[in-house]
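Presented below is the structure to which this report refers.
Protein chains in written order, with my numbering: chain A, 78 to 280; chain B, 104 to 227.
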């Protein structure tokens with residue numbers, strides 16, 4: 078009897094854990110959807126102000142495709158490597174998880190470094206966000222993406238620390254799943270940035 | 104106990120090395136094609152733009168399926184997809200609507216209204 082009772086409460090607890098997992102993942106997905114709306118509005122601001130250069134440089138004079146290609150590859154690789162971290166977590170390989178997460182961190186930091194360098198060069202040449210409506214919207218759109226990457230890196234640092242300290246458990250697994258969603262979505266947004274801002278912009 | 108439930112959750116979670124690899128290779132391919140198309144000078148402007156947009160959308164769909172595992176069944180999969188489609192609908196309304204309205208307003212501007220307050224800068 079006692080055994081049955083215990084088994085019963087365990088199943089309930091299991092269900093509770095499972096529900097927490099499902100709900101949290103869905104809630105985070107909804108947050109990501111609202112983030113999509115944020116980027117959507119920034120994209121259409123950019124689309125509207127694209128030609129308003131106020132006599133300043135237009136998009137085909139500013140951007141270097143080589144740099145954007147490097148940035149794109151770095152972000153894509155980091156997206157892949159954080160997926161690998163999650164797969165390593167499914168197999169409880171702690172060292173591998175940390176390795177892949179650190180790879181993701183290094184790649185993300187490299188991406189951010191390139192972006193900041195690009196911004197710095199633009200501002201240095203007098204093409205800062207105060208130059209024209211076009212540049213304001215460009216800095217807002219790409220800068221918001223960069224800010225997301227920055228906070229992703231902070232999250233990643235905490236994530237690495239948590240995996241080192243707590244190992245693989247329900248909580249760390251759930252957090253890594255959420256981080257994966259966040260990071261993949263940033264890569265997804267970047268597809269639209271490099272397509273609409275850079276590739277279409279340079280022609 | 105906690106390990107067994109973790110295993111159960113992990114079992115239900117979608118994602119395999121194969122799907123990540125397919126997603127990664129597809130993304131590489133589509134990115135490569137996009138940059139290649141962008142550097143081809145013999146492509147006419149509206150053509151190139153539509154090709155680039157099509158490639159971008161393809162890559163977005165590929166990443167949604169293979170990285171974010173959208174559309175794979177499961178209890179929550181239905182709501183995930185539903186909220187995604189709703190978001191896409193809202194995005195289309197916002198983006199297409201804004202661009203349409205603003206370009207229409209722009210077309211209706213009188214020529215001398217195009218740059219207000221032109222005391223310091225010469226109008227083009």
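Backbone N, C-alpha and C fix where the C-beta goes; we use that ideal spot for every residue, glycine too.
In its own chain, which residues sit with a C-beta less than 6 angstroms from the C-beta of residue i, not counting the 5 before and 5 after it?
{"i": "residue 213/A", "result": "206"}
{"i": "residue 129/B", "result": "165"}
{"i": "residue 174/A", "result": "162, 165, 166 and 240"}
{"i": "residue 145/A", "result": "271 and 275"}
{"i": "residue 208/A", "result": "133"}
{"i": "residue 131/A", "result": "209"}
Is any beta-carbon of chain A found at less than 8 angstroms from that of residue i?
{"i": "residue 210/B", "result": "no"}
{"i": "residue 139/B", "result": "no"}
{"i": "residue 181/B", "result": "no"}
{"i": "residue 66/B", "result": "Here chain B comprises residues numbered 104 to 227, so residue 66/B is not present and cannot be evaluated."}
{"i": "residue 213/B", "result": "no"}
{"i": "residue 184/B", "result": "no"}
{"i": "residue 113/B", "result": "yes"}
{"i": "residue 116/B", "result": "yes"}
{"i": "residue 171/B", "result": "yes"}
{"i": "residue 147/B", "result": "no"}
{"i": "residue 159/B", "result": "yes"}
{"i": "residue 162/B", "result": "yes"}
{"i": "residue 142/B", "result": "yes"}
{"i": "residue 166/B", "result": "yes"}
{"i": "residue 108/B", "result": "yes"}
{"i": "residue 125/B", "result": "no"}
{"i": "residue 155/B", "result": "yes"}
{"i": "residue 131/B", "result": "yes"}
Leaving out five residues before and five after residue i in sequence, what residues of the same chain have Cβ atoms less than 8 angstroms from its Cβ?
{"i": "residue 123/B", "result": "169 and 170"}
{"i": "residue 154/B", "result": "140 and 146"}
{"i": "residue 258/A", "result": "102, 105, 106 and 109"}
Any beta-carbon of chain B closer than 8 angstroms to the one on residue i?
{"i": "residue 277/A", "result": "yes"}
{"i": "residue 115/A", "result": "no"}
{"i": "residue 264/A", "result": "yes"}
{"i": "residue 253/A", "result": "no"}
{"i": "residue 205/A", "result": "no"}
{"i": "residue 269/A", "result": "yes"}
{"i": "residue 79/A", "result": "Legend: pLDDT at residue 79/A = 45, less than 50; position of this residue unreliable, value from coordinates given subsequently. Judged by the 8 angstroms Cβ criterion, residue 79/A is not in contact with chain B."}
How many whole angstroms separate the CB atoms of residue i and residue j, which I take to be in contact at a CB cut-off of 8 angstroms?
{"i": "residue 236/A", "j": "residue 253/A", "result": "6 angstroms"}
{"i": "residue 185/A", "j": "residue 141/A", "result": "The Cβ separation is near 21 angstroms, so there is no contact."}
{"i": "residue 128/A", "j": "residue 278/A", "result": "That belief does not hold up - the Cβ atoms of residue 128/A and residue 278/A are roughly 11 angstroms apart, past 8 angstroms."}
{"i": "residue 230/A", "j": "residue 182/A", "result": "6 angstroms"}
{"i": "residue 151/B", "j": "residue 163/B", "result": "In fact, because the Cβ distance is near 19 angstroms, the residues do not count as touching under 8 angstroms."}
{"i": "residue 114/A", "j": "residue 192/B", "result": "So it is not a contact: roughly 11 angstroms between Cβ atoms."}
{"i": "residue 208/B", "j": "residue 121/A", "result": "Residue 208/B to residue 121/A, Cβ: 14 angstroms. No contact."}
{"i": "residue 139/A", "j": "residue 201/A", "result": "Not a contact, Cβ separation roughly 13 angstroms."}
{"i": "residue 197/B", "j": "residue 223/A", "result": "Not confirmed; about 22 angstroms, so no contact."}
{"i": "residue 123/A", "j": "residue 218/A", "result": "5 angstroms"}
{"i": "residue 205/B", "j": "residue 226/A", "result": "Between residue 226/A and residue 205/B the Cβ distance is about 29 angstroms, and since that is not below 8 angstroms, they are no contact."}
{"i": "residue 95/A", "j": "residue 156/B", "result": "The Cβ separation is near 41 angstroms, so there is no contact."}
{"i": "residue 137/B", "j": "residue 159/B", "result": "7 angstroms"}
{"i": "residue 127/B", "j": "residue 157/A", "result": "5 angstroms"}
Quick one: residues in its chain with C-beta nearer than 7 angstroms to the C-beta of residue i, no 5 flanking neighbours on either side, listed in chain order?
{"i": "residue 125/B", "result": "169"}
{"i": "residue 171/A", "result": "240, 244 and 245"}
{"i": "residue 195/A", "result": "144"}
{"i": "residue 148/A", "result": "188, 191 and 192"}
{"i": "residue 188/B", "result": "none"}
{"i": "residue 152/A", "result": "188, 264 and 267"}
{"i": "residue 108/B", "result": "none"}
{"i": "residue 104/B", "result": "Because residue 104/B carries a pLDDT of 49, less than 50, the predicted location of this residue cannot be relied on, and the following value inherits that uncertainty. No residues qualify anywhere along the chain."}
The ligand PLP and residue i: does any heavy atom of the ligand fall closer than 7 angstroms to the residue's C-beta?
{"i": "residue 144/B", "result": "In the structure on display, the ligand PLP does not appear, and there are no ligands present to speak of."}
### Task
Determine which residues of the stretch 117-140 of chain A have a Cβ less than 7 angstroms from any Cβ of chain B, and write them out in chain order.
117, 118, 120, 121, 124, 125 and 132
### Query
the stretch 174-203 of chain A: which residues have C-beta closer than 7 angstroms to a C-beta of chain B, in chain order?
none
### Task
Please list the residues of the stretch 210-236 of chain A that have a C-beta atom closer than 7 angstroms to any C-beta atom in chain B, keeping them in chain order.
none
### Query
the stretch 91-109 of chain A: which residues have C-beta closer than 8 angstroms to a C-beta of chain B, in chain order?
91, 94, 95, 98, 99, 102, 103, 106 and 107
### Task
Anything in the stretch 238-251 of chain A with a Cβ closer than 9 angstroms to a Cβ of chain B? List those residues in chain order, please.
245, 246, 247, 250 and 251
### Message
For the stretch 141-157 of chain A, list every residue whose C-beta sits within 9 angstroms of some C-beta in chain B, in sequence order.
### Response
142, 145, 146, 149, 150, 153, 154, 156 and 157
### Query
Of the residues that make up the stretch 194-207 of chain B, which ones have a beta carbon closer than 7 angstroms to any beta carbon in chain A?
194, 197, 198, 201, 202 and 205
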